[in-house]
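Below is one structure, written out as structure tokens; comments come after it.
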Amino acid sequence: MKLSVRGLVGSAQRVMATAQNGLEVIRFGGLGRDTDSSPFEIAERRPMYRLRHYFPAETGGGPVVLLVPPLMVSADIWDVNGDDGAVGILHRGGIDCWVVDFGSPSTEEGGWQRDLADHVLAVHSAIDTVCAETGRTVHLMGYSQGGMFAYQAAAFRSGKGIASIVTFGSPVDIVAGMPLGLPHAAVTDLVDFAADHVVPRLPITDRMVRIGFQLLDPVKTTKARIDFLRQLHDREALLPKERQRRFLSNEGWVGYAGPAAADLLKQFVVHNRMMLGGFVIRDQPISLADLKCPILAFVGEVDEIGQPAAVRGIVRAAPRAEVYESTVVSGHFGLVAGSMATRCTWPRVRDWVDWVEGGDPLPEDIFPMADQPAGNAPRTALIRAVHTATALAEAGAGVGRALEQVAANTVRGSVGLVEGAARTLPRLTRLGTIQSGTRISIGRLMAEQARRTPNAECFLFDDRVHTHAAVDARIENVVRGLISVGIRPATRVGVVMETRPSALVTLAALSRIGAVAVLLAPDSDLITALEQTGTVILVSDPENVRHAVATGARVLVLGGGDSRGLAVPAGTDLVDLEQIDPQRVHIPGWYRPDPGRARELAFILVSGTGDRLDIKYITNHRWALSAFGTASAAYLDHKDTVYCLAPLHHSSGLLVSLGGAIAGGSRIALARSLDPAQFAGEVHRYGVTVVTYTWTMLRDILDAEVFPAGYPHPIRLFIGSGMPAGLWRRTMEQFAPARVLEFYASIEGDVVLANVPGVKFGCKGRPVPGTARVELVAFDPVTGQVMVDDNGYARRCADNEVGLLIGSAGVNVDLSRGGLRGVFEQEDSWLPTENLFRRDSDGDYWLADRIDTVIRTRRGPVFTQPIVDVLNDIAAVDMEVAYALPARDRVLAVAAVSVRPGFDLGAADVTEALRSLPPGQRPDVVYVVDDIPRSPSFRPSAHAVRETYAPRPGPHTWWYNPDSEAYEDLTDVGSLGLLT
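First residue of the sequence shown: 1, per this note's numbering; consecutive thereafter.
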């Protein structure tokens, strides 16, 4: 073997160069910098940020961009490549560059106490400053979480002063970007715990950040270090990338304040509120749905942090904006720094700005973002690697995809099943442990939540968020005020208030004392209601105080906000609770917070007017039964926001909306009234996932078309009672993929039914676990008697036979007020409901009628509910009622319908629809009316139609001809002997 002198000298030089360069790296942290930083000045200093203005001496009045870095990366990220970086390329394109520099929490005063809102408001302030300094709107750009700040700040200011938004690897739909395609709920409990108990107490230092990012891709990190060592002898080859290497290895990382990290985890990982809306900035709910300016999102095809599916969520989160995307074959860091960013990202950004400003056509590499189904699983590095390998092996490609899908579905299904059980079982267990003497009430549950999560959001109203701690303090103050005016346990107190925070607080305060809340509709017959419920004192809001005072009862006024005025002067019969200083109230010895026991009366619900007044007595156990039953059936938890359209004085509002939300730990969004435009805005701003309703309430929203079919929305479920079958179908079609969860609850007893699958429109479903056992017994609607067998026991109904629904009674239930004993065996106890049902062959229950509204004709009883369900399913029918109409010598079954605008209804439509009913159950007359009045709970009023719109012969009145089995026009001749 010959040794070459030249080779030996070359090797020696290489070793010497390696040693020299290595020593420089050890001493100074790196090689001499090859690029200089771009010149900038600090245009503004604030405690939260410094505003950099690059190339201040060369400002030429061109377009303006404001660049926002993520929290864990230095603001130098925009200039790390010098002339080939963001600032350099944009400046050469005639663009004026400004950068927000948050600094490091370890060096800034109060840096470790910063939260997410501090950073969003800092961007908001910087936008104002740049706009004022330049006189132009800004193109707001952000990398990673900086892009999230850009979205949030733009939504917070409703796009004011913003020409466009550009983001780089900024996730929006976190659920779509979860690793390995696992269900979101698989990791949220752990993240939620960390956000509450770990992250706020543990400052995330720059060292921890650096190590964390390197561990996300250890292979790439190791490879980069090996490549650096192999080229350490070649200084010229290393210098072009040296600044970037030093940035990534040490200098570019900054710490992360614990409160900001906790906010990020809670709002955007656990609750996914970037996607759903309802994220909170200083007690103000915000939604990306408010964005209208053009948006460009850069997507890294191999980005493991801002996964493509998560980044593309912006197209659904901001449906009113024009959203574009540009894909780059790079990882997360490569989107904004490095050779790929120099060649692709920043030239495209420059061209985008020119296009928005109106000078150039849309660049070829930028195209409208396509809508992406929400269920698409993210493509992680592992899955991408598997796909690449299987693509190379043609024979195994199909098998690989099939195995991947099976594995993913198995994991999702298993975790989803465990998650559902984990949420439901504790509630059912608690429900099962409630005995007659158990202390349980609405006030107690709200107090538990205030102790457990004081800083979590309790409810939203008028675009403001109120925490559990703030609500609990308000309740305590109202309790003191009520005690000072003589309210004691078991006192019946009428509540006549609009849906507002004061009404919710009043109910909780009365419960905390142990008093009974008598809930009255604001426009109801108060005098009759007070007489029949034995109530002598009222709590009112300022809007209803005049109505309340007119009853002659003592009136307590609560609520109204800062600007309030009472319609009547304060006197001996009126007390303004807001004027009472709670700190000066002496607490009596008898007071014990939340003394209510399960057997004790908690609420009295009053509906109807005059002699048709319905009074429901709700015990604490009955309320808890509905509350926990609703939370279990609807899978409500702390990630949900429940929008209470149903008024609190209605059973659906009190038991389902409010009760289910409290039992599930969900946020409560209170709506002042049914306003479709307001509903559309608040659903997005609040991030509403569940909407409650009563009867035909959703008809107004559907008719207003504030949510066209296919329009993105965060709603997953509608829950309530009384929705007609046709309206149910329309709701499912317009708000797909949301479902409808229909409930039925008896006035007396503990019967609660729920249609959980939601696939049988109009069906009431099956008994909710933990509620009363139900049976259907044969019943004669004419005589009002239960039909018995040869042994004298009640006869159980066969499938599809209409009968009386009864529910099992507890051992402590008083049967003296209409209860049944010895129904199926000796000494058994049952409580009858007021309703007739049928049970289909699948075991699902369908409402047939109320006992007192069955139409008793000569041919037998006719049930009204199947008639209105069938008629409502006709596309042209808006609303409908069925009722008994006395004629000359008989009682007719009559149905009245109103027609939707733009539709026509004819006899053939009615005939075809009613063919699904047996001939004996079809109405004798069907006629069209201009409008069908509704009650305050949005229930179509048959009584009002009967009194106002009597059927008359004409082209829109049809009678049933049993010979032809069809409906025909009712003429003057045909009306003889039919109508009086």
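Yeah, the Cβ is synthetic: ideal placement off N, Cα and C, and Gly gets one too. Because the structure is a prediction, the values reported are computed rather than measured.
* Do the CB positions of W346 and A86 come within less than 8 Å of each other? -> The Cβ-Cβ distance between W346 and A86 falls below 8 Å.
* Anticipated Cβ contact below 8 Å, P319 with L460, distance rounded -> Between L460 and P319 the Cβ distance is about 21 Å, and since that is not below 8 Å, they are no contact.
* For R282, which of G608, A117, R343 has the nearest alpha-carbon? -> Closest in alpha carbon position to R282, among G608, A117, R343, is A117.
* Best match in R451, S898, R488, Q307 for proximity to A470 [C-alpha to C-alpha] -> R451
* Is the CB-CB distance between G765 and A754 below 8 Å? -> yes
* Leaving out the 5 sequence neighbours to the left and right, which residues in its chain are closer than 6 Å to D873 when beta-carbon positions are compared? -> A725, G726
* Asked: Can you tell me the Cα-Cα spacing of R273 and S916, whole angstroms?
  -> Roughly 45 Å separates the two Cα atoms.
* Could you check what DSSP says for E419 in three-state terms: helix, strand or coil? => Only weak support is given to the placement of E419: the predicted model assigns it a pLDDT of 46, under 50, and the value that follows is read from those uncertain coordinates. Helix, per DSSP.
* Look at V307 and G177 and say whether their C-beta atoms are less than 8 Å apart. => Residue 307 is actually Gln in this sequence, not Val. Yes, the pair counts as a contact, with Cβ atoms nearer than the cut-off.
* To do: Inspect the beta-carbon positions of T630 and F735 and report whether they are closer than 8 Å.
  => no
* **Nearest to N835 (by Cα), restricted to the options F628, L805, V862** => L805
* **Rounded C-alpha distance that separates R716 from P737** => 7 Å
* Would you kindly report the start and end of the unbroken beta strand (DSSP E) that includes Q284? => It spans 284 to 286 - the beta strand (DSSP E) in which Q284 sits, taken as one unbroken run.
* **Exposed unless 16 or more other CB atoms sit within 10 angstroms - verdict on Q678** => exposed
* Which residue from T453, D462, S326 puts its Cα closest to that of H468? -> T453
* Asked: Got a sec? Which residues, its chain only, sit under 6 Å from P712 by beta carbon, not counting five neighbours each side?
  -> R316, P319
* Between the Cα of L140 and the Cα atoms of G111, W98, T134, A132, which residue gives the shortest distance? -> W98
* According to the neighbour-count rule (16 or more other Cβ atoms, all chains shown, within 10 Å of its Cβ), is K160 buried or exposed? -> Looking at its Cβ environment, which holds fewer than 16 other Cβ atoms inside 10 Å, K160 is exposed.
* Three or more C-beta pairs closer than 8 Å, one from the segment 495 to 503 and one from the segment 906 to 925: is that the case here? -> no
* **Close-in-space but distant-in-sequence residues of the same chain around N544 (CB under 8 Å, 5 per side omitted)** => V496, M497, E498, P522
* Fully enclosed by the segment 713 to 778, which beta strand (DSSP E) runs are 3 residues long or longer? -> 717 to 721, 739 to 745, 752 to 755
* Is it true that the segment 573 to 585 meets the segment 476 to 485, where meeting means three or more beta-carbon pairs spaced less than 8 Å apart? -> yes
* To do: Just tell me which of M369, G803, V777 has its CA closest to the CA of Y793.
  => V777
* So, using beta-carbon positions, are V329 and R312 closer together than 8 Å? -> no
* Please work out which residues of its chain come closer than 8 Å, Cβ to Cβ, to P47, disregarding the five sequence neighbours upstream and downstream, and give them in chain order. => Counting only Cβ-Cβ distances below 8 Å, and skipping sequence neighbours, we find E108, E109, G110.
* Asked: Any heavy atom of the ligand ADP within a distance shorter than 7 Å of the CB on T864?
  -> Among the components modelled here there is no ligand, and therefore nothing to report on the ligand ADP.
* Grab me the residues of P363's own chain with a C-beta within less than 6 Å of its C-beta, minus the 5 sequence neighbours each way, in chain order. => R348, D351.
* For T630, does the three-state DSSP call read helix, strand or coil? -> helix
* To do: Could you check the C-alpha separation between E404 and V868 for me, to the nearest Å?
  => At E404 the pLDDT is 42, less than 50, meaning the model places this residue with poor confidence and gives no usable figure here.
* Asked: First and last residue of the alpha helix (DSSP H) that includes F679?
  -> 676 to 686
* **Span separating the alpha-carbon of P588 from that of N477** => Whole-angstrom Cα-Cα distance: 15 Å.
* Asked: Buried or exposed: F938, going by 16 or more other Cβ atoms within 10 Å of its Cβ?
  -> buried
* **Same chain, Cβ closer than 6 Å to L885, neighbours up to 5 away in sequence not counted** => L892, V894
* I615, enclosing beta strand (DSSP E) - first and last residue -> 614 to 619
* Do you know how far the Cα of F628 is from the Cα of A395? -> Because A395 sits at a pLDDT of 32, beneath the cut-off of 50, its placement in the model cannot be relied upon, and the following sentence gives the value as read from the coordinates. Spanning the two alpha carbons is a distance of roughly 53 Å.
* Asked: Considering only residues of the same chain and omitting the five flanking positions on each side of V120, which have a CB-CB separation below 8 Å?
  -> F149, Q152, A153, F156, I281
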